[in-house]
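Per our numbering, the very first residue in the sequence shown carries number 13; after that it's consecutive. Heads up, the beta-carbon is just placed ideally off N, CA and C, and yes, glycines get one too. Take a look at the structure below.
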Amino acid sequence: MSIFVNSDSRVIVQGMTGAEGRKHTARMLASGTHIVGGTNPRKAGTFVSFSSGGADDPVEIPVFGTVAEAREKTGANVSVIFVPPAFAKGAALEAIDAGIETVVVITEGIPVHDSVEFVHRALEKGTRLIGPNCPGIITPDETNVGITPADITGTGRIGLVSKSGTLTYQLMYELRDIGFTTGLGIGGDPVVGTTHIDALAAFEEDPDTDLVVMIGEIGGDAEERAAQWISKNMTKPVVAYIAGFTAPEGKTMGHAGAIVSGSAGTAAAKAQALEAVGVRVGRTPSQTALIVRELLGQ
């Protein structure tokens, strides 16, 4: 099985006609994602041709003026957003208000007050919001909503939730022979929609997931809160990696939310909180992968 998306997901791409949207739409199509349309008010009624690598090349994807129109005419239930930061809030709010069930925001550099507004709206409407500033979500051999390379792993027994896109890719590649039910990047901004706890709860309910890899980083207290949730609710093994053991205090490291202030939010503190509830924490990505292999007997 999978969490949040699967082969039945019908995906629209907001920003499909831009350079990034066009590039990643082609990659998503090539990995089997069922993309039913894109949106651009200035190009409504046109089509964009893509090569899917299949017998039905080229694929003609329709462009709609609004998300509501795209949803009405295609039955879309997932949207992935590739628009510049200044327009991301409007795009996310449009998708949420149109009744899209799952909205994935890839855009990075969105002002925090904008993220607060559309994350709050998603919570009000019951919309599954993933991101912003994330690689998206992939269920290997079923669907790939975002920018994760589809050829680095296959389907298998592991669930993955991560703040970091690059570390998502590395762990998927290191454990490619075992494979994944779903790989989910939740993003590294201070405010995100789907959290570690949301993903852990979904993987706990997924009968095909035998173990969960959780990747965190310095800053905030999301990993500490996840540790408390794990101690009370998780029956499956969780293996963690926290990026930033050597990060200097007071300096933002990569992601907007990755900053240490005082003793709170350090990698050491997060690892200690997780290990206190039985989560094994690798000190490097490769050591984390070795722990996973040990626990799964592979």
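Span separating the alpha-carbon of residue i from that of residue j
i           : j           : result
residue 133 : residue 126 : 11 Å
residue 62  : residue 24  : 14 Å
residue 183 : residue 49  : 31 Å
residue 186 : residue 227 : 14 Å
residue 119 : residue 217 : 29 Å
residue 158 : residue 142 : 10 Å
residue 41  : residue 54  : 23 Å
residue 148 : residue 161 : 11 Å
residue 235 : residue 301 : 19 Å
residue 215 : residue 195 : 11 Å
residue 255 : residue 197 : 14 Å
residue 225 : residue 248 : 11 Å
residue 37  : residue 77  : 18 Å
residue 298 : residue 84  : 46 Å
residue 129 : residue 123 : 10 Å
residue 131 : residue 69  : 38 Å
residue 193 : residue 293 : 21 Å
residue 45  : residue 240 : 35 Å
residue 151 : residue 102 : 28 Å
residue 310 : residue 246 : 22 Å
residue 204 : residue 96  : 17 Å
residue 20  : residue 39  : 18 Å
residue 121 : residue 93  : 13 Å
residue 88  : residue 278 : 41 Å
residue 167 : residue 154 : 9 Å
Closest by C-alpha distance to residue i, when choosing among the options
i           : options            : result
residue 229 : 308, 24, 253       : 253
residue 90  : 62, 22, 191        : 22
residue 282 : 237, 249, 248      : 237
residue 291 : 310, 277, 242      : 242
residue 165 : 227, 158, 180      : 180
residue 295 : 280, 305, 307, 309 : 280
residue 18  : 83, 72, 113        : 113
residue 11  : 148, 154, 105, 163 : What is shown of the chain runs 13 to 310, which leaves residue 11 out entirely.
residue 12  : 116, 220, 69       : Nothing can be reported for residue 12: it is not among the residues displayed for the chain, which extend from 13 to 310.
residue 289 : 308, 278, 297, 244 : 244
residue 26  : 44, 14, 13, 73     : 73
residue 139 : 121, 115, 122      : 115
residue 189 : 79, 205, 163, 60   : 163
residue 15  : 60, 310, 102, 156  : 156
residue 206 : 117, 98, 20        : 117
residue 144 : 86, 154, 79, 201   : 201
Whole-number beta carbon distance between residue j and residue i, since they are thought to touch under 8 Å
i           : j           : result
residue 146 : residue 232 : Contact doesn't hold; Cβ gap of about 15 Å is too wide.
residue 56  : residue 75  : 6 Å
residue 251 : residue 304 : 5 Å
residue 51  : residue 100 : Incorrect: roughly 13 Å between the Cβ atoms, too far for contact.
residue 28  : residue 60  : 6 Å
residue 307 : residue 223 : 6 Å
Cβ-heavy atom distance, residue i to the ligand HEM, below 7 Å
i          : result
residue 41 : In terms of ligand content, the structure shown is empty, and the ligand HEM therefore cannot be addressed.
Problem - Sequence ranges, alpha helix (DSSP H) only - wholly within the stretch 18–77, length at least 4 - result: 31–42
Practice task
Inspect the CB distances between the stretch 101–109 and the stretch 168–185 and report whether three or more fall short of 8 Å.
Solution key: no
Exercise for the section: Kindly provide the ranges of any beta strand (DSSP E) runs that are 3 or more residues long and lie completely inside the stretch 171–245, ordered along the chain. Expected result: 192–197, 223–229
Exercise for the section: Inspect the CB distances between the stretch 204–219 and the stretch 24–37 and report whether three or more fall short of 8 Å. Expected result: no
Exercise for the section: Run through the stretch 128–161 for me and flag every whole beta strand (DSSP E) of 3 or more residues, listed as ranges in chain order. Expected result: Complete beta strand (DSSP E) runs here, min 3: 140–142, 148–151, 155–158.
Exercise for the section: Within the stretch 78–132, note down every full alpha helix (DSSP H) run reaching 4 residues or more, in order along the chain. Expected result: When DSSP assignments are scanned along the stretch 78–132, the uninterrupted stretches of alpha helix (DSSP H) that are 4 or more residues long and fall wholly within it turn out to be 79–86, 97–109.
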